[in-house]
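Novice: Chains as they are written, first to last, in our numbering: chain A, 5 to 259; chain B, 5 to 259; chain C, 11 to 286; chain D, 11 to 286.
We put the CB at the ideal spot given by N, CA and C, even for glycine.
Model, not experiment: these values are computed from the prediction.
Once you've had a glance at the structure underneath, I'll fire off some questions.
Here's what the structure looks like:
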C-alpha cells in the first residue's frame with residue numbers, strides 16, 4: 005500500500021527484498037517462520053546461495069527448495085547438513101555466539117529496539133495475550149547481529165513496550181554490556197516504509213533509508229516516538245526485476 | 005592358587021563366577037573392562053541373558069558375542085541398542101540413577117569400601133602413580149548398588165587408603181547421605197578368597213562367605229585391618245561345570 | 011521395560027488427575043491422538059508442560075483439563091494465535107489458567123537438567139527481559155570460577171511425558187527420526203512415559219539420524235497410526251496445513267469449539283488416529 | 011569453513027608452542043598420526059587435555075611436548091600403566107609435568123560447558139573424594155531453588171581440538187560414527203580444530219548413528235588414512251591390540267622409548283598413517 009504509484013511491486017515485497025539484501029553470503033542465519041524465512045530463502049535464490057540457514061527445530065544448513073510452512077517442516081530435516089536436538093541448537097549453536105544473524109519479528113518495538121511478543125496490557129490482566137518468547141530472547145542476546153522485520157505503525161512502534169520479551173539496547177548505551185549480552189544487538193529494523201538503524205552513539209533507532217515512494221514524514225507519523233532522521237537519509241533501491249521474479253517464484257512454492 | 009586341592013578351577017575363576025552370580029537378570033549394569041566385563045558377559049551366557057550392559061564409551065545394551073578388548077571396542081557399538089556420546093552416558097544415564105549395578109576394581113580398599121585408583125604414596129610425591137579416577141567416582145556415587153572385584157592381600161586391603169578416588173561408606177553410617185550420594189553404595193566385595201559385605205549397622209566390610217578350600221583365617225591374614233567374620237559365614241558354592249564351561253568358552257573368544 | 015497397551019488403557023494407567031504432564035514434539039510428531047484421549051478421559055487439574063503449546067494444548071485447555079501451563083511459545087504455527095489459550099488467560103474460560111512462562115532455551119535446559127538428575131540448569135538467557143520479574147523459576151547464579159552472573163532454571167521432572175514416534179519394537183524400544191525436538195530429554199526427565207507410535211515392528215532397522223529411546227525408560231507404548239495428525243510423521247505422512255488453518259475458526263468461538271470437542275473427540279472413542 | 015591441508019601444514023598453522031591442545035577419541039578414532047606430527051614439529055610448553063591419555067599422550071609426554079596435563083584416566087587400556095606418564099609424574103622425566111585431575115563425568119561436562127559458551131557446568135560428582143582437595147577446578151555450588159549442594163567445574167575451551175574421523179567432504183564437513191566419545195563437544199569447545207580423516211569424499215552418504223561436524227566449526231581437515239592406528243576406525247580397520255601390548259615394553263624403558271621415537275616418529279616425516 006506504500007509502493008509508489010505505478011510501481012509493479014508492493015510494500016511487503018519491498019520489505020522482504022530489503023531484508024534479503026541485508027544477508028551477507030555465507031552467513032549463518034537463525035531463521036523464524038514467516039517474513040524472516042521468506043527473506044532468507046530469497047537471499048539464497050539471489051545473491052547468497054551459500055547462506056547457512058538454521059531453524060530452531062534443530063535443522064543446521066537447511067536448503068529447502070520451497071518455502072517451509074513451519075520451523076519444523078519436514079523439508080528442513082530432509083535438506084539439512086545435519087539435524088540436532090532442540091537443546092543442542094540452543095546450547096551448542098545459539099548460546100556460544102556461532103550465529104551471524106538472527107531475524108526477529110515484533111508486536112511492539114521501542115526506540116531502543118526492545119521487543120515485546122508476550123502481552124499487550126498488564127501481564128496479569130492482559131488485553132491481548134501473545135504467543136510469548138519462544139527462541140527470541142536468546143536470539144536477541146547471542147547472535148552477532150539481529151535484524152527485525154516488522155510493519156511500521158504507531159501500535160507497533162511504541163514509546164515504551166508493555167513487556168520486554170527480547171532486549172535490544174535496554175535503556176541505551178552500555179546496557180547490553182552491563183547485562184552480559186554478548187551479541188551485537190539489532191543492526192537494522194526493516195519495515196514496509198524504510199530502514200531504521202541504531203544511532204552509533206545513542207543507540208536510538210533512526211530512520212536511515214526510506215523505500216521508493218515513501219515520504220519520511222509518513223514514517224514519523226507511524227512511529228510512537230519522535231523519530232529522528234539520519235542526516236544522510238538514503239532512498240532504498242527499488243526491487244529489481246530479478247529480485248521480484250525470484251520472490252514471486254519462491255512464494256509460488258508455498259502452495 | 006587358593007582353589008582347594010584337586011579342584012578343577014582356579015581362584016580367579018571362582019572370583020569371576022561369584023561376580024557373575026551377583027548380577028540379577030534384567031539389571032542395567034555399568035561395565036568396566038577386565039574382570040567386570042568378563043563377569044557380566046559370563047552372566048549373559050548363564051543365568052542372565054537379558055542383562056543390560058552399559059559401557060562408559062556410550063554403548064547402551066551392548067550384546068558382544070566375544071569379550072570386548074576395551075571399553076570402546078567396535079563390537080560394543082555394533083551390537084548395542086544404541087550408542088550415545090560420553091557426556092550423555094554420564095549425564096543422562098549414570099547420574100540420574102538409572103543404573104542398577106556398577107562394577108569397580110581397586111588398587112586399595114579400606115574397611116568402609118572407599119577405593120583408591122589414583123596414587124600410592126602422597127599425591128604430590130607419588131610412589132606409584134596409578135591411572136586415576138575415570139568413571140569410578142560417579143559410578144560409586146550413583147549406581148543403585150556397587151560390586152567391587154579385587155584380589156585380596158594386605159597391600160590392597162588397607163587400614164586406610166592413600167587417596168579416596170571413589171567413596172564407599174566414607175567414615176561410616178550416614179556419610180553417603182551427608183554427601184548427597186544417591187546410590188546405595190557397595191553391596192559386595194568379591195575377591196579370590198571370598199565375599200565381603202558391609203555390616204548393615206556399622207557399614208564395615210565383613211567376611212560373609214569364603215570360597216571352597218579357603219580358611220577364614222587366610223582372609224584375615226590378607227586384610228590390613230581386623231577383619232570381622234559374619235556369624236553365619238557361608239561357604240561359596242563351587243563353580244558348576246556349566247559355569248566353568250561358559251567362562252572358558254568366553255575367555256577363548258578373546259584370542 | 012515398556013508395556014504395549016491400547017491407547018486408552020495406557021492413558022488410564024499412566025495419567026491421573028493433578029499430574030504434571032508434558033506432551034512434546036516440536037512441530038513434528040506431536041502426540042495429538044494421546045491429547046484427545048486425555049480429553050476423553052476427562053482428566054482434571056493437570057499442570058501441562060510444553061515448549062510450544064499449539065493445537066493439542068489449545069484443545070486440552072479449552073476442554074478444561076489444565077489448572078496450570080508451563081511453556082515458552084503458545085501459538086498456531088504459521089497461522090496465528092491460540093484462541094482457547096487466550097480465552098483461558100484473558101477471561102478464565104473454562105476456568106482460570108495459571109501460567110509459568112519461559113523462553114525456548116530455558117525450557118530446553120530445564121528438560122536437560124531433569125533428564126540429568128540435577129536440580130537446575132545454567133544458561134545465558136533472560137537477562138534484561140521482563141520474564142525475570144514474572145517467573146519465579148528464573149534466578150541469577152554466579153560462576154564460582156569467573157564471578158560472571160548467569161541464569162539458573164530448575165529441572166523439569168514431569169509425572170508423565172507423552173511423545174509420538176515412528177516405530178517401536180515388541181520390547182518397547184522406540185525409534186524416531188527427522189526433527190528430533192526435545193522428546194528424548196522429556197522422556198528421560200519424566201517419572202513415567204508413554205510413546206504412541208505409527209507402528210510396532212519386529213525389528214528396528216537403523217535409520218540415519220534416528221534417536222532410540224531404550225525400552226527401560228519407556229513405561230508404555232501404544233500403536234496409534236496417524237497419532238500425530240494434523241502434524242506429521244517423517245516417512246509416514248505430511249503435515250495437514252489446512253487443518254491448522256481450519257483450527258483458527260473453530261478455536262476462535264466457544265460454541266464452535268464445544269461442538270468440535272463433542273463431535274471430533276468425545277464422539278471418536280476408540281478411533282485410533284488423531285483428528286482435528 | 012574448513013580448509014583441506016596436508017597434515018604437517020595443518021599442524022603448523024593451527025598449533026603453537028604454549029597452546030592448550032585436546033586430542034580426543036574414546037578408545038575409537040584416536041588421532042595418533044596427528045599426535046606424531048606434533049612430536050615431529052617439536053612443539054613445546056603445551057597443556058595437553060584429554061579424558062583418557064593413552065599411548066599417544068604417553069608418547070607426546072615422553073617426547074617433552076607438555077608442561078601440563080588435564081585428564082581423568084591415564085592408562086594403557088586393557089594392558090596396564092603408561093610408563094612415560096608415570097616417569098614424568100614420579101620422576102619429572104624428561105621434564106616436570108603439572109597435572110590437573112578430574113573424573114570422566116567432570117571432564118565430559120567441562121567440554122559440554124565449553125561447547126555451550128557458559129563458564130561452568132554443574133554435576134553430581136566428586137563429593138567425598140580426595141580430588142576435591144587436589145584439584146582447584148572443582149568447587150561446590152548451591153542450587154538456587156532447592157538449596158542442595160552440587161559440584162561445579164569450569165568450561166574447557168582448548169586453543170586447538172584435534173580429532174580423527176572416518177570421512178569429510180570437500181567443503182570440510184566431517185562425519186564420524188561408531189563409539190562417539192566426546193569429539194563433538196571438544197571441537198565445538200575449541201578455538202581452532204583439526205580433523206584428520208580416513209578419506210575425503212565427494213558426498214557424505216548418511217550413516218545411522220553418525221555425527222556430523224559442520225565445516226564451519228572445523229578449521230582444517232587433513233586426509234590421513236590409518237591416522238587412528240593402532241586404535242581403530244569403525245568401518246575401516248580394527249584395533250591393533252598387539253601394538254598396545256608391545257607399547258608396554260617400549261614405554262617402560264627410557265632408552266627403548268627414545269629409540270622408538272627416533273625411528274618411528276622422527277624417521278617417518280611425510281608418512282601419512284599412524285604407527286606405534
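(1) Taking 8 Å as the CB-CB limit, is residue 201 of chain B close to chain D?
(2) What span of residues does the alpha helix (DSSP H) with residue 255 of chain C cover, start to end?
(3) Would you tell me roughly how many angstroms separate the C-alpha atoms of residue 173 of chain B and residue 59 of chain C, rounded to the nearest one?
(4) Does DSSP put residue 96 of chain A in a helix, a strand or coil?
(5) If residue 109 of chain A sits next to residue 36 of chain A, beta carbons under 8 Å apart, how far is it from one beta carbon to the other, in whole angstroms?
(6) In chain order, what residues of the same chain lie with their CB nearer than 6 Å to the CB of residue 157 of chain A, ignoring the 5 residues before and after it?
(7) Compare the C-beta of residue 126 of chain C with all C-beta atoms of chain B and state if any pair is closer than 8 Å.
(8) Please name the residue or residues paired with residue 213 of chain B in a DSSP beta bridge.
(9) CA-CA distance, residue 16 of chain D and residue 69 of chain B?
(10) Cβ closer than 7 Å: which chain B residues qualify as neighbours of residue 194 of chain D?
(11) Does any C-beta atom of chain D lie closer than 8 Å to the C-beta of residue 164 of chain B?
(12) Taking the C-alpha atoms as reference points, what is the distance between residue 233 of chain C and residue 41 of chain C?
(13) Quick one: which chain D residues come within Cβ less than 9 Å of residue 99 of chain B?
(14) Under 8 Å between C-beta atoms, does residue 96 of chain D make it to chain B?
(15) Does the beta-carbon of residue 164 of chain A have 16 or more other beta-carbons within 10 angstroms, so that it is buried, or is it exposed?
(16) Taking just the CA atoms, how far does residue 177 of chain B sit from residue 222 of chain B?
(17) Based on the DSSP output, what are the partners of residue 211 of chain C in its beta bridges?
(18) Rounded to whole angstroms, what's the CA-CA distance from residue 24 of chain A to residue 105 of chain A? Just pull it up for me.
(19) Taking C-beta pairs closer than 8 Å, name the residues in chain B that residue 38 of chain D reaches, listed in chain order.
(20) Is there a Cβ from chain C that is less than 8 Å from the Cβ of residue 23 of chain A?
(21) So, at 7 Å on beta carbons, what are the nonlocal neighbours of residue 125 of chain D in its own chain, with the 5 sequence-adjacent residues on each side left out?
(22) Sort A:230, A:77, A:153 and A:188 by Cα distance to residue 195 of chain A and report the nearest one.
(23) From residue 261 of chain D to residue 274 of chain D, what does the alpha carbon distance come to, in whole angstroms?
(24) List the whole-angstrom C-beta distance separating residue 185 of chain B from residue 137 of chain B, where the pair is believed to meet the contact cut-off of C-beta under 8 Å.
(25) Under 8 Å between C-beta atoms, does residue 46 of chain A make it to chain C?
(26) Would you say residue 224 of chain D faces chain A, with C-beta separation under 8 Å as the test?
(27) Please decide whether residue 152 of chain A counts as near chain C, where near means a Cβ-Cβ distance under 8 Å.
(28) Determine, using beta carbons only, whether residue 198 of chain A and residue 8 of chain A come nearer to each other than 8 Å.
(29) What three-state label does DSSP hand residue 256 of chain A in the structure shown?
(30) For residue 164 of chain C, I'd like the list of residues in its chain whose CB is within less than 6 Å of its CB, leaving aside the five on either flank, ordered along the chain.
(31) Count the other CB atoms within 10 Å of the CB of residue 112 of chain B; is the residue buried (16 or more) or exposed (fewer)?
(32) With a threshold of 8 Å between beta-carbons, can residue 30 of chain C be considered close to chain B, or not?
(33) If you measure beta-carbon to beta-carbon, which residues of the region 181-215 of chain D are closer than 7 Å to chain B?
(34) Measure the CB-CB distance between residue 172 of chain C and residue 161 of chain C and report whether it falls below 8 Å.
(35) Output needed for residue 175 of chain A: all residues of its chain with C-beta closer than 7 Å, excluding positions within five of it in sequence on either side, in chain order.
(36) For residue 52 of chain A, count the other beta carbons within 10 Å of its own beta carbon; 16 or more makes it buried, fewer makes it exposed. Which is it?
Specialist: Result, derived from the coordinates:
(1) no
(2) 251-262
(3) 39 Å
(4) helix
(5) 7 Å
(6) 226
(7) yes
(8) B:199 and B:238
(9) 40 Å
(10) 89
(11) no
(12) 12 Å
(13) 115, 133, 134 and 135
(14) yes
(15) exposed
(16) 28 Å
(17) C:179
(18) 12 Å
(19) 61, 76, 78 and 81
(20) no
(21) 195, 198 and 199
(22) A:153
(23) 13 Å
(24) Not really, about 15 Å apart at Cβ, beyond 8 Å.
(25) no
(26) yes
(27) no
(28) no
(29) helix
(30) 130 and 147
(31) buried
(32) no
(33) 188, 189, 190, 191, 192, 194 and 195
(34) no
(35) 116
(36) buried
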